[in-house]
Amino acid sequence: MDGIFESQAFCNGVAVGINIYQQKVIMAHENNEAIKINGELYYIQSGKERLQEMIDKMCK
């Protein structure tokens, strides 16, 4: 029975960890901030933002 509880606790911990990082990514996007991964900076764009960027580039 202990194995079941340990497994459930592990799964809950993983789910909480994923949720925390998901919220960090969303906040970074909303604040137009970079996310640093392995020393590289990444910016998150929505599909609408990416489409607008492509249209602007094509219409120049």
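Quick note on numbering: the sequence shown equals residues -5 to 54 in my numbering.
Even glycine gets a Cβ: it sits at the ideal position worked out from N, Cα and C.
Quick one: residues in its chain with C-beta nearer than 6 Å to the C-beta of A22, no 5 flanking neighbours on either side, listed in chain order? Counting from 1 along the sequence shown, the entry for residue 22 is found at position 28. Excluding positions up to five away in sequence, the list reads I29.
Separation of I12 from E34, as counted between CA atoms: Along the sequence shown, one-based indexing puts residue 34 at 40. Along the sequence shown, one-based indexing puts residue 12 at 18. So the two alpha carbons sit approximately 21 Å from each other.
Own chain residues within Cβ distance below 6 Å of N26, not counting five before or after: Indexing the sequence shown from 1 puts residue 26 at position 32. By the criterion of a C-beta distance shorter than 6 Å, N26 is surrounded by no residue of its chain, once the five residues flanking it on both sides are discounted.
Within the continuous alpha helix (DSSP H) that includes E24, where are the two ends? To locate residue 24, count along the sequence shown from 1; it is residue 30. First-last of the alpha helix (DSSP H) with E24: D(-4) to E24.
What does DSSP give as the partner residue(s) for L35 in the beta ladder? Reading the sequence shown from its first residue, position 41 is the one you call residue 35. Note: L35 sits in a beta bridge opposite K30.
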